[in-house]
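To start, the structure itself, in structure tokens.
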Amino acid sequence: MNSFRLITTASPWLILACLAAGALYAWMLYSKKAPWPKPLNYALAALRFVVVSVLCFLLMGPLVRYASNTTVAPTIVFAVDNSQSVELFSDSAQLRAVQQGLQQVRERLEEQGYQTAIQTLGEGQAAPSINEVTYGAETTNLSQLLQQVQEAHDEQNLAGVVLLSDGIVNQGTSPTYSNYNYTLYPVAVGDTVPKQDVLVASLRYNKVNYSGNRFPIEVELQQQGLDGRRATVILQENGKTIASKNVLLSKEKPIQQVPFQVLASGLGKRHYVVQVQPVEGEFTTLNNTKHAYIDVVKGKIKVLVAAAAPHPDIKAIRTAIETNENYETTLFIPGLNELKQQDYDIAILHQLPGRVAGGEAALNLVRRKNLPALYILGPQSDMANFNRLNAGVNVISTGQTDEVTAVPNSSFNNFQFPENAADRLENFPPARVPFGDIRLARNTEVILYQQVGRVRTTKPLLTVQTSGNKRDAVLLASNTWQWRLQEAANNEQPQVYDQLMTNLVQLLSAPRNKKRLNVYPVQTEYTSSDAIHFNAEAYNEALEPIYGQNITLKVSGEEGEPKTFTFANGEDQRGVNIGTLPGGRYTYTASASINGSQQQDKGEFVVEELQLEALNAVADHSLLFQLANNTGSRLYYPQQLQQLEQDILQANHKPVIYSQEELNDIVDFKWLFFLLLGLICAEWFVRKYNGSY
């Protein structure tokens with residue numbers, strides 16, 4: 001029902017004054033003898049009376065209040081747990097009958113005036129009919145499903161949700177811990193009777209291992225009802241069995257750990273398959289297999305930490321670097337220990353070159369091996385000798401120092417700072433830096449700037465220089481150990497300091513990328529339910545980024561035909577979405593013609609098969625019972641769908657009336673302006689046409 005009401009900001013009695021003003025104006029103008037007939041004169045007077053009265057009335061600031069009421073029928077949502085476990089471990093004939101029965105209940109509810117909708121797991125478009133729902137979801141998150149129902153019908157009259165499920169949850173929180181503002185009507189499917197089964201529950205292994213080393217793969221084996229029998233667990237690589245073990249299934253040990261030791265050979269991603277050979281009498285073999293994907297890399301990156309003298313910075317830097325298990329540090333301090341002759345990947349030189357002799361061995365090693373280096377300046381640094389190193393920074397100092405804090409350079413993009421880096425850096429204790437003229441080479445980028453008090457300067461605090469295939473970094477501050485100590489005291493973990501050091505080591509030790517085409521997946525590991533996205537970068541001869549290049553991407557799996565995609569790289573870094581892929585190790589090759597030169601790039605990534613839905617064959621109807629009990633309902637079984645319909649109708653869910661009110665100034669109505677203008681023009685035209693004087 002809609003309502004319309006006129007409101008004035010002044011006393012309604014003033015409307016009489018508006019009418020009087022209109023009548024007086026019309027009488028004064030048309031009371032004299034006119035050259036046109038009297039009926040026309042009366043009509044013109046009436047026209048003038050209306051226009052003047054309305055204009056006077058508008059001066060009172062009248063308002064129009066319009067109220068509209070909308071009746072919304074109660075909504076019943078049919079939430080279907082379309083996970084694989086429902087179809088795998090439910091009687092297929094019974095499941096089809098339940099779907100058909102729920103669709104009939106839905107149709108009869110619509111005949112009774114209810115609105116209905118269907119919601120399934122995930123964000124895909126729901127099926128138009130319950131009969132057409134397919135069970136392909138690889139995970140079950142009932143809490144998310146019910147939350148999506150609540151959000152999708154937030155402004156509607158959501159009366160209840162009919163949930164078809166087996167109660168098995170393998171992702172997210174348990175839905176019993178949430179509160180719902182609607183009634184839940186769970187319909188239970190699946191079998192609650194434990195089955196005779198043996199399965200690979202999980203694998204434990206390090207995802208990154210070093211070439212030539214042996215690494216463990218630990219298999220967690222579970223069994224039910226197969227006591228006294230033997231199971232064979234095999235480990236395969238590239239379809240070839242490389243190890244196997246026989247396990248006695250015991251009632252006393254329903255969960256057993258089966259370890260394997262594997263030799264990491266070669267480099268790159270390796271695909272291993274752990275499988276339990278079928279045991280006679282087991283319910284299903286779908287959960288007998290799991291996959292492991294290992295990244296085999298070269299040995300640890302060796303970092304030489306050399307210093308002119310003992311200093312607290314050294315301990316802080318080494319501790320930060322060794323938070324990454326891929327890095328290994330070796331310490332050299334003249335007079336305290338000997339310089340070990342190893343194949344170092346990077347050197348960190350604390351106050352070297354120094355004013356006191358003794359650090360020449362480390363400097364000569366860096367020069368001879370052409371090692372990338374991080375130079376840390378301090379009071380013991382020999383600035384003249386440092387400037388001769390051409391590390392990208394030239395310092396002309398008077399010997400004085402200044403106290404500064406660090407500010408990250410927002411335009412530096414060779415590595416990313418943590419989101420909270422700026423705030424944490426601001427709270428670091430001031431560090432001492434050389435005071436004087438600091439000049440940068442052309443091929444040097446600033447990572448951190450100096451801030452004096454509250455004034456941000458353009459002077460660098462941390463820089464990195466790229467020269468040929470080598471990079472060097474310079475930190476113009478000592479006593480940064482206080483940074484790590486302060487951050488740990490304020491935030492429990494010195495995340496920003498540690499990540500800054502590990503990122504520097506990674507940047508310096510990595511060879512400079514001179515590729516003119518760089519195509520890469522956004523992640524190196526995906527699951528079989530993830531959409532796989534590739535980004536692409538293209539560069540000209542000067543290694544400047546260019547856009548709009550046509551790129552051909554070919555993705556190949558361990559089995560099956562390769563897939564080819566074409567796309568163009570853009571400034572927005574959208575790249576290409578190649579959709580989902582089944583589990584396995586994949587390689588890719590990308591090619592593009594850049595300024596007439598054919599460029600290529602290649603790499604690999606992993607797609608992990610989740611297999612969560614096959615792990616548990618026993619339905620959890622107790623969870624569904626608790627959900628129903630929490631919302632004042634009951635649990636229904638496939639043969640009780642008629643009772644479900646009766647209970648929904650007897651709940652007598654009422655329609656909800658939503659009222660919306662609008663308040664507008666009449667003077668804002670454009671149609672009224674044009675109406676008055678038309679009346680005035682009509683009066684003027686008639687007067688002129690009939691010889692007005």
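First residue of the sequence shown: 1, per the UniProt record's numbering; consecutive thereafter. Yeah, the Cβ is synthetic: ideal placement off N, Cα and C, and Gly gets one too. Computed from a predicted model, the values in this text were never measured in an experiment.
Review point. Going straight from the alpha carbon of residue 460 to that of residue 426, what length do you get?
Key: 16 Å
Check your understanding: Can you tell which of 147, 61, 506 and 16 has the C-alpha that lies nearest to the C-alpha of residue 300?
Key -> 506
Check your understanding: Is the number of C-beta pairs between the segment 220-228 and the segment 309-318 that are closer than 8 Å three or more?
Key -> no
Check your understanding: Going by Cα to Cα distance, which pick from 271, 416 and 244 is closest to residue 584?
Key -> 271
**Study point:** contact_flag[the segment 409-426, the segment 443-460] where n(CB pairs < 8 Å) is 3 or more
**Key:** yes
Practice item. Answer yes if the segment 324-340 comes into contact with the segment 476-491, meaning at least three C-beta pairs across the two stretches below 8 Å, and no otherwise. Key: no
Practice item. At 3 residues or longer, and completely inside the segment 273-324: list those beta strand (DSSP E) runs for me, N to C. Key: 289-297 and 301-307
Review point. Going by the beta-carbon positions, is the gap between residue 219 and residue 203 smaller than 8 Å?
Key: yes
Check your understanding: On the premise that residue 479 lies in contact with residue 432, defined as a C-beta separation below 8 Å, what is that separation, rounded to the nearest angstrom?
Key -> 6 Å
Check your understanding: Could you give the residue range of the alpha helix (DSSP H) that holds residue 367?
Key -> 360-369
Exercise for review: State the CB to CB distance for the pair residue 284 and residue 197, rounded to an integer number of angstroms; the pair is presumed to be in contact (CB under 8 Å).
Suggested key: 6 Å
Practice item. With a floor of 3 residues, list each beta strand (DSSP E) that falls wholly inside the segment 390-467, ordered by position along the chain. Key: 393-408, 431-440, 444-452 and 455-467
Practice item. With a cut-off of 8 Å on the beta carbons, I'd call residue 173 and residue 143 a contact; round off their distance for me. Key: 5 Å
Review point. Are the C-beta atoms of residue 95 and some chain B residue less than 8 Å apart?
Key: Of the chains in the structure shown, none is chain B; there is only one protein chain.
Review point. Helix, strand or coil: which one does DSSP assign to residue 673?
Key: helix
Practice item. Determine the burial state of residue 497: buried for a count of at least 16 other Cβ atoms within 10 Å of its Cβ, exposed for fewer. Key: buried
Exercise for review: Could you give the DSSP three-state label for residue 388: helix, strand or coil?
Suggested key: coil
**Study point:** Status (buried if at least 16 other CB within 10 Å, exposed otherwise) for residue 282
**Key:** buried
Review point. What residue range is occupied by the uninterrupted beta strand (DSSP E) comprising residue 472?
Key: 470-475
Practice item. Examine the Cβ distances between the segment 39-58 and the segment 674-688 and report whether three or more of them are shorter than 8 Å. Key: yes
Check your understanding: Tell me which same chain residues have a C-beta within less than 7 Å of the C-beta of residue 495, skipping the five on either side of it?
Key -> 418
Review point. Do you know how far the Cα of residue 269 is from the Cα of residue 625?
Key: 46 Å
**Study point:** Proximal residues to residue 234 (C-beta, below 6 Å), its chain only, five neighbours per side dropped
**Key:** 241, 244 and 275
Review point. So what does DSSP say about residue 174, is it helix, strand or coil?
Key: coil
Practice item. For residue 77, count neighbouring Cβ atoms within 10 angstroms of its own Cβ and tell me buried if that reaches 16, exposed if not. Key: buried
Check your understanding: Can you tell me where the beta strand (DSSP E) with residue 665 in it begins and where it stops?
Key -> 656-665
Check your understanding: Taking contact to mean at least 3 C-beta pairs separated by less than 8 Å, is the segment 58-70 in contact with the segment 98-116?
Key -> no
Exercise for review: Would you check if the distance between the CB atom of residue 320 and the CB atom of residue 501 is smaller than 8 Å?
Suggested key: yes
**Study point:** Short Cβ contact (8 Å threshold) for residue 456 with residue 465
**Key:** no
Check your understanding: Taking the Cβ atom as the reference point for each residue, do residue 430 and residue 395 lie within a distance shorter than 8 Å?
Key -> no
Practice item. Starting from the C-beta of residue 348, find all residues in its chain whose C-beta is less than 6 Å away, skip the five residues before and the five after it, and write them out in chain order. Key: 305 and 374
Check your understanding: Which residues in the same chain as residue 135 place their Cβ atom closer than 7 Å to its Cβ, once the five residues preceding and following it in sequence are excluded?
Key -> 82, 83, 84, 86 and 87
Practice item. Below 8 Å on the Cβ atoms is my guess for residue 279 versus residue 229; work out the distance and round it to an integer in Å. Key: 6 Å
Review point. Which first and last residues belong to the alpha helix (DSSP H) in which residue 630 is found?
Key: 621-630
Exercise for review: Return the chain-ordered list of same chain residues with a C-beta closer than 6 Å to the C-beta of residue 36, the five sequence neighbours on each side being excluded.
Suggested key: 690
Check your understanding: Start and end of the beta strand (DSSP E) containing residue 502?
Key -> Run containing residue 502: none in the beta strand (DSSP E); it sits in the alpha helix (DSSP H), 495-509.
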